[in-house]
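A.B. asks: Residue numbers (the numbering used here): 9 to 222. Here a beta-carbon is modelled for each residue, glycine too, at the ideal position from N, C-alpha and C. Just so we're clear, the structure is a prediction, and the values are computed from it rather than from any experiment.
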């Protein structure tokens, strides 16, 4: 038997152990009982902290009162950058009154030709100015990853303090992880070439956050 076959045999034996359920239960019990590590001290103004950190990461931010105001806010943003009126949206926000705001918005997965993607978010993290987006039929990941411009609708009520709080909320509301959980902290960037930061290297070059108060 070759070394490769020997290694794979041991891997298969380990994965297939009969006590997998017990070992999983032990691990989950440890995670539930284990205290969190050091946490930053944040004020109660989570929305203010989130906006400041998001802007530091090169996102642009606007605040609106209710979700019904979102189409007009998106239209203003697109007009300010001369980005046209067409966009693709995740199905969970595709039912808003986009036509009344003069926009042509399709609720579907994004393709290479789409220039603007509009999404909701599962929650936002004040500590780092980060969005947490979960993949699923109502929230395909392509909408936030493929277009050059990503616009996210962020309910202020869904802003949590830390990443640990985000995972706790995910476990409480969903029970298990979806196929993909994407953390988005501003536009895509790289410093690989001469240590010069370039936006839009691996995803959107613009991220605009619309914070919904009500």
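Between residue 95 and residue 125, which are expected to be in contact by the criterion C-beta below 8 Å, what is the C-beta distance as a whole number of angstroms?
C.D. replies: For this step, residue 95 is matched to residue 87 along the chain shown. For this step, residue 125 is matched to residue 117 along the chain shown. The Cβ separation is near 7 Å, so the contact holds.
A.B. asks: Do residue 160 and residue 139 come within 8 Å of each other at the CB atom, strictly closer than that value?
C.D. replies: Here residue 139 corresponds to residue number 131 of the chain shown, with the count starting at 1. Here residue 160 corresponds to residue number 152 of the chain shown, with the count starting at 1. Closer than 8 Å, so yes.
A.B. asks: Leaving out the 5 sequence neighbours to the left and right, which residues in its chain are closer than 6 Å to residue 65 when beta-carbon positions are compared?
C.D. replies: The residue labelled residue 65 in the question sits at position 57 within the chain shown. The residues are 137, 193, 194.
A.B. asks: Enumerate, from N- to C-terminal direction, the unbroken beta strand (DSSP E) stretches of 3 or more residues contained entirely within the segment 113-195.
C.D. replies: You should have 124-127, 131-133, 138-142, 157-163, 189-192.
A.B. asks: Return yes when the C-beta of residue 27 is under 7 Å from any heavy atom of the ligand GTP, and no when it is not.
C.D. replies: Among the ligands in the structure shown, none appear at all, so the ligand GTP cannot be discussed.
A.B. asks: Mapping the DSSP letters down to three states, classify residue 96 as helix, strand or coil.
C.D. replies: Taking the first residue of the chain shown as position 1, residue 96 is located at position 88. If DSSP states are grouped into helix, strand and coil, residue 96 belongs with the strands.
A.B. asks: Among 111, 81, 78, 57, which has the Cα closest to the Cα of residue 134?
C.D. replies: In the chain shown, counting from the first residue as 1, residue 134 sits at position 126. The shortest Cα separation from residue 134 among 111, 81, 78, 57 belongs to 57.
A.B. asks: Mind reading off the beta-carbon distance from residue 74 to residue 147? Whole number of angstroms is fine, and I expect it under 8 Å.
C.D. replies: Within the chain shown, numbered from 1, the residue matching residue 74 stands at position 66. Within the chain shown, numbered from 1, the residue matching residue 147 stands at position 139. Residue 74 to residue 147, Cβ: 21 Å. No contact.
A.B. asks: Expressed to the nearest angstrom, what Euclidean distance is found between the alpha-carbon atoms of residue 67 and residue 183?
C.D. replies: For the purposes of this step, residue 67 is identified with residue 59 of the chain shown, where counting begins at 1. For the purposes of this step, residue 183 is identified with residue 175 of the chain shown, where counting begins at 1. So the alpha carbons of these two residues sit roughly 30 Å apart.
A.B. asks: From residue 117 to residue 37, what does the alpha carbon distance come to, in whole angstroms?
C.D. replies: Within the chain shown, residue 117 is the residue found at index 109, counting from 1. Within the chain shown, residue 37 is the residue found at index 29, counting from 1. So the two alpha carbons sit approximately 38 Å from each other.
A.B. asks: In terms of DSSP beta bridges, what is residue 5 paired with?
C.D. replies: Nothing can be reported for residue 5: it is not among the residues displayed for the chain, which extend from 9 to 222.
A.B. asks: Out of 207, 199, 173, 215, state which residue places its alpha-carbon closest to the alpha-carbon of residue 54.
C.D. replies: Here residue 54 refers to the residue found at position 46 of the chain shown. The shortest C-alpha separation from residue 54 is found at 173.
A.B. asks: Looking at the unbroken alpha helix (DSSP H) that takes in residue 88, where does it start and where does it end?
C.D. replies: Here residue 88 is taken as the residue at index 80 of the chain shown, counted from 1. 78-88 is the extent of the alpha helix (DSSP H) around residue 88.
A.B. asks: Look at the Cβ atom of residue 188, then the Cβ atom of residue 198, and state whether they are nearer than 8 Å.
C.D. replies: Walking along the chain shown from the start, residue 188 turns up at place 180. Walking along the chain shown from the start, residue 198 turns up at place 190. Result no, Cβ atoms of residue 188 and residue 198 do not sit closer than 8 Å.
A.B. asks: Please classify residue 153 as buried or exposed, where buried requires at least 16 neighbouring CB atoms within 10 angstroms.
C.D. replies: As a first step, residue 153 must be located in the chain shown, where it is residue number 145. Burial call: buried.
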